[in-house]
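Chains as they are written, first to last, in our numbering: chain C, 67 to 340; chain F, 30 to 325; chain A, 9 to 374. For reference, the structure discussed in these notes is given below.
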């Protein structure tokens, strides 16, 4: 194979990377500017001086912004745990136990996964209001779990299908019941699938907007995307605070994505291709 | 051991008990609310259940048909979808082909492309809104300083510019998702096909049009349908970028439904809107499932 | 140890029949091999005995007890899988001890039993290793050991050697033989490899498309195949088949060539209008050309291809326009292009009804 000059390739790659990154970079740069620097003319492209006063201000004066992040974290973890337990069991049964309605259930689950969240709002809001589930972690965790369970079931079911079935049969012969097989054999063998699915569901939950907006109406209970979006209130947008809070809210996602890039990409593309 | 039941029967029962929690939760969170929305859309009721439900037939739907703002939101939603999806597709294919090459720093490039997708749309939108800002935004700063314009551009204040700005954010965020799905498809194309193509004397462009594109039909179709459904229910993007403005120039169907329900507190009329939206998207999802089934 | 009895056992998947009903009794201590091509129903049958598949029709008894609805673990059977099916995240010891642990056998007894079996199989040094750190042969030993530890009444083997390379397969085959002699446990063994079947089995059950074609000792299925399928499946290279039909006074003549024989040496051909003749490649001998004129079992042949296998050679012959494969000694065998004479051993001839596939009975001569 002849080596072609690759400058063009690198140029295109660099352009793509810059375009993907620059809104995030600009946001981070904004967050370390002084308020004067943010609104200065001529504009400050590079923060002078670099200051963390905005972060300090949030910590000391706007703890609710940190509370949003905590709320997102609690809901994300709760929703991920619930979907992995429920979805793991269901995915195992649907892919391995020769259920009579397995095909129908899988297609049905796929179909409901595409319901637009806004369509659920009038009913969910009304029911949660009457059940006292508005502004509770339980409420939003359940709602998110319901929303992302279909994805989880499909992901895990297709992961289980890649495991050699003979190991589970050997476990049957050894005297295990299906629940024990799931817990002691399937779970340890499919942890990469659980990790990928769990990470994606966590990101989904962290990012989810309409349900979090409607089911958490008290300021103290809002998740990060909703809380930050609604933060400014009636007055002009305080960009120094917003940019800083946004950086804080996306850092967990940036870290997770960076560390588990392979698993997430693998999971996403497998899920979409199925 | 209960030998009274057959092995199969016991396995079915166990399996059903494994599936039950999932089915139950999905029924409560996804299926029942849709049914309830349909019921609400045919009646008049109060949010807290203090007044009895009164059946009004198709009254809300009749009102919807004559509601200009509803038709506007339909037009906005479909315009947004129709413009952003082809752009995402083209950029997605380009990115996928690019990322399928081997070069140094590929991991970082891939990660960079993944970030916009992984971050919350609501917060992405805020970042862009900050850059679009007419007074202090990055774009206007560059444009003014370099002398391209002499007055700041009001990106979000003009009907067409606002739509354009919204499309840019969507394309920026989701081209990477398209790229990832198409990339997975690319990587499943056997290398020796290209080697055979080279033996047959194909140029790079012919390789792309004769081998790559035809074999990517499936992944592209899947990505297109998933993204179309996403775009048709877009909510937080206009919510955070323009709040539907200027006036209602970027008010999507989801956003209008939300406003009717929670700003105008008209649950029943709002329910009629979401039912219509549901039917549109559900029709698409059935098309999606049909496509997947015929592919297998 | 136990007798396994299959009474009109059958398996359906919806409207598809995977195994047609059949009867079979496996004697105490017997080594029975289920043999057939893939998809013939042999594995399904084994899995029905194991309890991994439900039994659609009929009754399964092990040791006199009906087992149809009994859980696999309570059937007193142990199984060795083709892909070993070892728990990859558990040590060799834990793999072998799992069933005993689940039966709540005391720890010291587990130690003793696993230790004993590991000793017998030469696995003592590997007990703490994970399966991934073992060679293929060692893994298969662990899989066998796991079955032995349970002291089952019946061993089930599902193609246990087919993942091993050729050399190892031969060694493990012999080890299995010795093991069976030593333990004397009733064993049911599924394979598609006729050599394994012939060497291991007390009796072979040959299956074809869900139907039992023949049950018999290795000798019986080789010497007296009951159907064309069995005849073609057992023996390597495969039996030569020639379709012939009555040709008036001359005797029998091939449909599509000039091959002819004068009489069917005592087969009960009744009033069949066509017969499939079967001749094993090893039942044909090379003789001098024209050496025995008048012998109806001698033919002239052209050598179209000669393949040296080592000890043997295979000759691809054309006999009066009919293709025929002959196995001869590998030393100084005739070469391609030569013309030779052959003689078919009439006593070793097989004849089948082409419509039913069944072997034709020989007329008893007194």
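All C-beta atoms, glycine included, are put in the ideal place defined by N, C-alpha and C. Bear in mind that the values here come from a model prediction, so they are computed numbers and not experimental data.
Closer than 8 Å at the beta carbon, the chain C residues around residue i
| i | result |
| --- | --- |
| residue 96 (chain A) | 233 and 255 |
| residue 220 (chain F) | Ordered by position in chain C, no residue passes the 8 Å Cβ test against residue 220 (chain F), which lies about 11 Å from the chain. |
| residue 293 (chain F) | Chain C residues near residue 293 (chain F): none, gap ~12 Å exceeds 8 Å. |
| residue 144 (chain F) | 86, 87, 90, 320 and 323 |
| residue 132 (chain F) | 72, 75, 76 and 79 |
Residue environment, residue i, which counts as buried when at least 16 other CB atoms sit within 10 Å
| i | result |
| --- | --- |
| residue 48 (chain F) | buried |
| residue 162 (chain A) | buried |
| residue 81 (chain A) | buried |
| residue 339 (chain A) | exposed |
| residue 192 (chain C) | buried |
| residue 244 (chain C) | buried |
| residue 272 (chain C) | buried |
| residue 186 (chain C) | buried |
| residue 3 (chain A) | Outside the displayed range of chain A (9 to 374) lies residue 3 (chain A), so it cannot be described from this structure. |
| residue 184 (chain F) | buried |
| residue 111 (chain C) | exposed |
| residue 99 (chain C) | buried |
| residue 289 (chain F) | buried |
| residue 74 (chain A) | exposed |
| residue 138 (chain C) | buried |
| residue 374 (chain A) | Here the model assigns residue 374 (chain A) a pLDDT of 49, short of 50, so the residue's position is not dependable, and the following value carries that caveat. When all chains shown are included, residue 374 (chain A) counts as exposed. |
Residue i (DSSP reduced to helix, strand or coil)
| i | result |
| --- | --- |
| residue 308 (chain A) | strand |
| residue 41 (chain A) | strand |
| residue 343 (chain A) | coil |
| residue 297 (chain F) | helix |
| residue 98 (chain C) | coil |
| residue 315 (chain A) | strand |
| residue 132 (chain F) | coil |
| residue 276 (chain F) | coil |
| residue 97 (chain A) | coil |
| residue 18 (chain A) | strand |
| residue 86 (chain A) | strand |
| residue 326 (chain C) | coil |
One or two residues paired with residue i in a DSSP bridge
| i | result |
| --- | --- |
| residue 262 (chain A) | A:252 |
| residue 332 (chain A) | A:325 |
| residue 359 (chain A) | A:285 |
| residue 337 (chain A) | A:320 |
| residue 320 (chain F) | In DSSP, residue 320 (chain F) forms no bridge with anything. |
| residue 211 (chain A) | A:40 |
| residue 13 (chain A) | A:33 and A:69 |
| residue 293 (chain A) | A:351 |
| residue 194 (chain A) | A:162 |
| residue 216 (chain A) | A:219 |
| residue 27 (chain A) | A:19 |
| residue 366 (chain A) | A:235 |
| residue 83 (chain C) | For residue 83 (chain C), which the question treats as bridged, DSSP gives no partner whatsoever. |
| residue 183 (chain A) | None, per the DSSP bridge assignment. |
Near the ligand GTP: residue i beta-carbon under 7 Å from a heavy atom
| i | result |
| --- | --- |
| residue 325 (chain A) | The ligand GTP is absent from the structure shown, which contains no ligands of any kind. |
Under 7 Å by beta carbon: chain C residues contacting residue i
| i | result |
| --- | --- |
| residue 107 (chain A) | 240 and 241 |
| residue 110 (chain A) | 240, 241 and 242 |
| residue 264 (chain F) | 184, 275 and 276 |
Contacts of residue i in chain A (Cβ-Cβ under 7 Å)
| i | result |
| --- | --- |
| residue 36 (chain F) | 59, 62 and 77 |
| residue 251 (chain C) | 95 |
Partner residues on chain F for residue i, Cβ-Cβ distance less than 8 Å
| i | result |
| --- | --- |
| residue 335 (chain C) | 209, 210, 212 and 213 |
| residue 341 (chain C) | This structure cannot speak to residue 341 (chain C), because chain C is shown only from 67 to 340. |
Residue i: contacting residues in chain A (beta-carbon distance under 8 Å)
| i | result |
| --- | --- |
| residue 230 (chain C) | 91 and 93 |
Cross-chain neighbours of residue i in chain F, by beta carbon under 7 Å
| i | result |
| --- | --- |
| residue 324 (chain C) | 140 |
Task: Selection of the segment 115-130 of chain F by Cβ proximity to chain E, strictly under 8 Å - done: Within the model displayed, chain E is absent; protein chains C, F and A are what it includes.
- [ ] Would you list, in chain order, the members of the segment 155-174 of chain F that have their beta-carbon closer than 7 Å to a beta-carbon of chain C?
- [x] 155, 156, 157, 159, 160, 165, 167, 170 and 174
Open item on the list: Counting only Cβ-Cβ distances shorter than 8 Å, please list the residues of the segment 72-102 of chain A near chain F, keeping chain order.
Closed with: 76, 77, 78, 79 and 82
Open item on the list: Which residues of the segment 189-205 of chain C have a Cβ closer than 9 Å to any Cβ of chain F? Give them in chain order.
Closed with: 189, 190, 191, 192, 193, 195 and 196
TODO: May I ask you to list, following chain order, the residues of the segment 185-197 of chain A that have a beta carbon less than 9 Å from some beta carbon of chain C?
DONE: none
Open item on the list: Counting only Cβ-Cβ distances shorter than 9 Å, please list the residues of the segment 262-288 of chain F near chain C, keeping chain order.
Closed with: 262, 264, 265, 268, 269, 282, 283, 284, 286 and 287
TODO: Name, going along the chain, the residues of the segment 150-169 of chain C whose beta-carbon falls closer than 9 Å to a beta-carbon of chain A.
DONE: none
Open item on the list: Against chain A, which members of the segment 202-227 of chain C pass a CB distance test of less than 7 Å?
Closed with: none
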